[in-house]
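Residues 41 to 361, numbered by my numbering, are exactly what the sequence shown covers, in order.
A virtual CB, placed ideally from N, CA and C, is assigned to each residue, including glycine.
Since the structure is predicted, the reported quantities are computational estimates derived from the model, not experimental observations.
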Amino acid sequence: SFTEITEITNMTTSITPAAPAPEDDRAPSNNKTAGSRKLSTVSRMYDIRGDGELDEAELAMRHMDISGRGYLTNDKVYQLMQDHVQTQRKLFQFKRIIIGLAVLVMILALSNLGTSFAAAILSKDTVTKTEETIEGEEFGADLIDKKSRETVGTQTANDSIEVNRASSLCVEEDSGLNCVTDSYLSVPENVIKSMFYKCLTGRTVNVERTFSNGHVKSINICSSSTNVEFDDFDRSTLENNGESIHFDPKDGDYKVSGDGLLQKEQEVCDVDEDCLVNLACYKNLTAIVGCQDICRRKRWAPHRVEACVLSCDHSSCLQEG
């Protein structure tokens with residue numbers, strides 16, 4: 041009947057399914073917990089593992105897809121590869137640095153080990169030898185090989201001895217004392233013995249002379265090429281670089297002389313005996329004033345200017361007259 045047809049139509053209309061909800065990243069998923077979120081269509085294209093979630097790498101790819109294509113363009117891939125290549129280069133450089141440091145540490149460790157072995161062997165096969173003066177004073181020290189009894193060569197710093205000017209008022213002669221002033225450079229006997237020992241073993245020795253104004257002059261008298269001569273009267277001569285220096289026993293010490301120790305023209309001196317022949321030691325006031333004026337023009341601290349001015353006030357080796 042018409043009434044039954046109308047009821048069937050109404051029932052069919054009431055069971056028509058509703059339209060599906062649009063996909064949204066924020067919509068809850070039926071297969072996930074209440075805290076999970078459903079991926080959008082574009083985001084699912086970056087779900088490489090297919091677990092319904094984007095890990096850190098997948099999420100970074102999704103963020104680079106600003107236009108929402110679902111894939112990355114060649115420009116984006118090129119940028120990723122550039123960053124990757126740059127990172128690989130930095131890692132390679134770091135590896136090279138680490139390898140270099142490791143090699144350096146190994147070399148240092150081996151060198152220390154070798155030095156320790158050398159020191160142990162040297163101490164076992166060598167002894168120290170010293171010399172003594174007549175008075176029993178020790179001087180000089182060398183390493184001597186126990187088997188061959190030869191000196192072991194070692195590298196040392198330059199040695200220096202200081203000479204000072206002494207004055208002898210009275211000189212003993214056959215008829216008595218001749219009291220005439222004699223000014224000369226003097227070195228103690230024990231220093232001379234040690235100096236000759238060093239010269240004979242090829243060491244470098246310098247003579248230092250300090251003048252009254254504080255000026256210090258250093259002269260090399262011994263090197264590997266120095267010629268040493270002795271005589272029966274304990275007198276000796278050192279010849280180095282064409283200049284000779286003589287050592288003569290005098291009043292318990294040694295008198296030192298020779299052109300190599302004398303000052304040249306315009307050089308500082310204390311007495312006439314400091315200068316070469318035909319030169320006298322006296323003050324040149326014009327040169328002193330000029331030197332002091334230069335000191336006062338220096339932009340130094342006041343104490344340095346004062347020290348410079350005082351150092352100018354000295355005698356010099358000049359032509360006589």
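Item to check | Per-residue burial, Gly242 [other beta carbons within 10 Å of its own, 16 or more giving buried] | outcome: Numbered from 1 along the sequence shown, position 202 holds the residue referred to as residue 242. It is exposed - the Cβ of Gly242 has fewer than 16 other Cβ atoms within 10 Å.
Item to check | Nearest-angstrom beta carbon gap, Ser351 and Asn253 [assumed within contact, 8 Å] | outcome: Stepping through the sequence shown from its first residue, residue 253 is reached at position 213. Stepping through the sequence shown from its first residue, residue 351 is reached at position 311. That belief holds up - the Cβ atoms of Asn253 and Ser351 are roughly 5 Å apart, short of 8 Å.
Checklist entry - Taking the alpha helix (DSSP H) that Tyr86 falls in, what are its first and last residues? => result The residue you call residue 86 lines up with position 46 of the sequence shown. Going by DSSP, Tyr86 is part of no alpha helix (DSSP H) at all; its letter is neither H nor E.
Checklist entry - What is the DSSP secondary structure of Asn318, reduced to helix, strand or coil? => result One-based indexing of the sequence shown puts residue 318 at position 278. If DSSP states are grouped into helix, strand and coil, Asn318 belongs with coil.
Next on the checklist: Assuming the contact rule is C-beta atoms closer than 8 Å, Ser356 and Val317 should be a hit. Round their C-beta distance to whole Å, please.
Outcome noted: Within the sequence shown, residue 356 is the residue found at index 316, counting from 1. Within the sequence shown, residue 317 is the residue found at index 277, counting from 1. Not quite, the Cβ-Cβ distance comes to about 16 Å (not below 8 Å), so this is no contact.
Item to check | Secondary structure of Leu302, DSSP reduced to three states | outcome: Here residue 302 is taken as the residue at index 262 of the sequence shown, counted from 1. Coil at Leu302, not helix or strand.
Checklist entry - Just to confirm, are Ser263 and Thr277 a CB contact at a threshold of 7 Å? => result One-based indexing of the sequence shown puts residue 263 at position 223. One-based indexing of the sequence shown puts residue 277 at position 237. No, they are not a contact pair.
Checklist entry - What's the gap between the Cα of Lys238 and the Cα of Ile201? => result Position 198 of the sequence shown, counted from the first residue, corresponds to residue 238. Position 161 of the sequence shown, counted from the first residue, corresponds to residue 201. Rounded to whole angstroms, Lys238 to Ile201 spans 11 Å at the Cα level.
Item to check | Check whether Asn353 and Ile334 have beta carbons under 7 Å apart | outcome: Position 313 of the sequence shown, counted from the start, is the residue given in the question as residue 353. Position 294 of the sequence shown, counted from the start, is the residue given in the question as residue 334. Checking the sequence, you will find Asp at residue 353 rather than Asn. In this structure, the beta-carbon distance from Asp353 to Ile334 does not fall below 7 Å.
Item to check | Neighbour-count burial assignment, Tyr111, 16 or more Cβ in a 10 Å radius | outcome: Reading the sequence shown from its first residue, position 71 is the one you call residue 111. Residue environment analysis places Tyr111 among the exposed positions, since fewer than 16 neighbouring C-beta atoms fall within 10 angstroms of its C-beta.
Item to check | Proximity below 7 Å, CB of Asp293 to CB of Pro228 | outcome: What you label residue 293 is simply residue 253 of the sequence shown in a count that begins at 1. What you label residue 228 is simply residue 188 of the sequence shown in a count that begins at 1. Between Asp293 and Pro228, the C-beta gap is smaller than 7 Å, which places the two residues in contact.
Item to check | Local Cβ density within 10 Å of Gly90, reported as buried at 16 or more and exposed below that | outcome: To locate residue 90, count along the sequence shown from 1; it is residue 50. It counts as exposed.
Item to check | Assumed close pair Glu96, Tyr86 - CB separation to whole angstroms, cut-off 8 Å | outcome: Working through the sequence shown from its first residue, we reach residue 96 at position 56. Working through the sequence shown from its first residue, we reach residue 86 at position 46. Between Tyr86 and Glu96 the Cβ distance is about 12 Å, and since that is not below 8 Å, they are no contact.
Checklist entry - Which residues bound the beta strand (DSSP E) around Phe287? => result By 1-based counting over the sequence shown, the position of residue 287 is 247. Note, Phe287: beta strand (DSSP E), Glu283 to Lys290.
Item to check | Rounded separation between Lys82 and Gly108 - CA only | outcome: Locating residue 82 in the sequence shown gives position 42, counting from the first residue. Locating residue 108 in the sequence shown gives position 68, counting from the first residue. At residue 82 the sequence reads Val, which differs from the Lys that was named. Distance between the alpha carbons of Val82 and Gly108 is about 6 Å.
Item to check | Expected contact under 8 Å - CB spacing of Asn324 and Leu302 to nearest Å | outcome: On the sequence shown, position 284 is the one that residue 324 refers to. On the sequence shown, position 262 is the one that residue 302 refers to. The Cβ separation is near 18 Å, so there is no contact.
Item to check | Candidates Arg249, Leu319 and Ser151, of which the one nearest Glu360 by Cα | outcome: Position 320 of the sequence shown, counted from the start, is the residue given in the question as residue 360. Considering only alpha carbons, the answer is Leu319.
Checklist entry - Does the beta carbon of Gly92 sit closer than 7 Å to a beta carbon anywhere in chain B? => result Judged by its chain identifiers, the structure shown contains no chain B, having just a single protein chain.
Checklist entry - Would you report the Cα separation of Asn70 and Gly92, rounded to the nearest angstrom? => result Walking along the sequence shown from the start, residue 70 turns up at place 30. Walking along the sequence shown from the start, residue 92 turns up at place 52. Any reading at Asn70 must be qualified, since the residue scores a pLDDT of 45, below 50, and its modelled position is unreliable; the value itself is stated next. C-alpha separation (whole angstroms): 12 Å.
Checklist entry - Under 7 Å between the Cβ atoms of Asn204 and Ser226? => result As a position in the sequence shown, residue 204 is number 164, starting the count at 1. As a position in the sequence shown, residue 226 is number 186, starting the count at 1. Yes, they are a contact pair.
Checklist entry - Under a three-way DSSP split, which group does Ile174 fall into? => result Here residue 174 refers to the residue found at position 134 of the sequence shown. At Ile174, the pLDDT of 47 sits below 50, so the modelled position is not reliable and the matter cannot be decided from this model.
Item to check | Cβ-based burial, Met235 [other Cβ within 10 Å; buried from 16] | outcome: Position 195 of the sequence shown, counted from the start, is the residue given in the question as residue 235. With 16 or more other Cβ atoms within 10 Å, it is buried.
Next on the checklist: Rounded to the nearest angstrom, what separates Asp105 and Asn114 at their Cα positions?
Outcome noted: Mapped onto the sequence shown, residue 105 falls at position 65. Mapped onto the sequence shown, residue 114 falls at position 74. Here the alpha carbons of Asn114 and Asp105 stand approximately 12 Å from one another.
Item to check | Range of the contiguous beta strand (DSSP E) that encloses Gly257 | outcome: Here residue 257 refers to the residue found at position 217 of the sequence shown. Note that residue 257 is Lys in the sequence shown, not Gly. Val256 to Cys262 is the extent of the beta strand (DSSP E) around Lys257.
Checklist entry - Is Pro62 helix, strand or coil when you go by DSSP? => result Against the sequence shown, residue 62 aligns to sequence position 22. Confidence at Pro62 is low in this model, with a pLDDT of 40, below 50, so the placement of that residue should be treated as unreliable; the coordinate-derived value is given next. If DSSP states are grouped into helix, strand and coil, Pro62 belongs with coil.
Checklist entry - Rounded C-beta distance between Ile232 and Ile261? I'm assuming under 8 Å. => result As a first step, residue 232 must be located in the sequence shown, where it is residue number 192. As a first step, residue 261 must be located in the sequence shown, where it is residue number 221. Here Ile232 is actually not in contact with Ile261; their C-beta atoms are around 11 Å apart, not less than 8 Å.
Next on the checklist: Helix, strand or coil for Val311? Go by DSSP, reduced to three states.
Outcome noted: Indexing the sequence shown from 1 puts residue 311 at position 271. Reduced to three states, the DSSP call for Val311 is coil.
Checklist entry - Quick one: what's got a C-beta closer than 8 Å to Thr52's C-beta in the same chain, skipping five residues either side? => result Here the question's residue 52 lines up with position 12 in the sequence shown. Any reading at Thr52 must be qualified, since the residue scores a pLDDT of 44, below 50, and its modelled position is unreliable; the value itself is stated next. Counting only Cβ-Cβ distances below 8 Å, and skipping sequence neighbours, we find nothing.
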